[in-house]
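Novice: So for the sequence shown, this note's numbering puts the first residue at 1; every next one is plus one. Input: one structure, supplied below.
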Amino acid sequence: MKKISIYSLSSVIKTFGGTTIKRKCWKCNSNLLFFYFCAKNITYNINKVDVEKDVEKAKKIWNNPHIQVLCCNCFDVHNKS
Ligand SMILES: [Zn+2]
Numbered sequence: 001m002k003k004i005s006i007y008s009l010s011s012v013i014k015t016f017g018g019t020t021i022k023r024k025c026w027k028c029n030s031n032l033l034f035f036y037f038c039a040k041n042i043t044y045n046i047n048k049v050d051v052e053k054d055v056e057k058a059k060k061i062w063n064n065p066h067i068q069v070l071c072c073n074c075f076d077v078h079n080k081s
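Put into structure tokens, the structure is as follows:
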């Protein structure tokens with residue numbers, strides 16, 4: 001299976017138009033970037049079609065104000081505990 005690089009991920013996000021909605025981490029209140037949110041949520045051992053689906057999924061979560069999102073730091077801490 002082909003690994004997707006960070007570059008391909010950013011080009012996939014570009015294709016999808018990303019999102020203009022700004023989110024903050026619900027724990028530490030720091031500003032989040034959609035790109036890093038995708039990078040955290042997407043498995044890299046997948047093909048391009050799956051990445052597109054995952055970006056689409058990530059976008060739905062991101063655009064839903066009822067779903068709490070975490071920054072990379074809080075995400076890691078959260079997963080360790
Ligand atoms: Zn945080």
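Ideal placement from N, C-alpha and C gives every residue a C-beta, glycine not left out.
Cutting at 7 Å between CB atoms, please list the residues of its own chain near Cys38, excluding the five before and the five after it.
Specialist: Your numbering for residue 38 matches position 38 in the sequence shown. So the list reads Leu9, Ile13, Val55 and Ala58, once near-sequence residues are dropped.
Novice: Rounding to the nearest angstrom, what Cα-Cα distance links Asp50 and Asn64 in this structure?
Specialist: Walking along the sequence shown from the start, residue 50 turns up at place 50. Walking along the sequence shown from the start, residue 64 turns up at place 64. So the two alpha carbons sit approximately 21 Å from each other.
Novice: Grab me the residues of Ile21's own chain with a C-beta within less than 7 Å of its C-beta, minus the 5 sequence neighbours each way, in chain order.
Specialist: Counting from one through the sequence shown, the residue named residue 21 turns up at place 21. Here the set comprises Trp62 and Asn63.
Novice: Give the DSSP-derived three-state secondary structure of Lys14 in the structure shown.
Specialist: Here the question's residue 14 lines up with position 14 in the sequence shown. Helix at Lys14.
Novice: Using a strict less-than 7 Å threshold between each residue's beta carbon and the heavy atoms of ligand 1, what residues do you get?
Specialist: This criterion selects Cys25, Lys27, Cys28, Ser30, Leu70, Cys71, Asn73 and Cys74.
Novice: Alpha carbons only, please: which of His66, Glu52 and Val77 is nearest the one belonging to Gly17?
Specialist: The sequence position of residue 17 within the sequence shown is 17, counting from 1. If we check each option's Cα against that of Gly17, Glu52 comes out closest.
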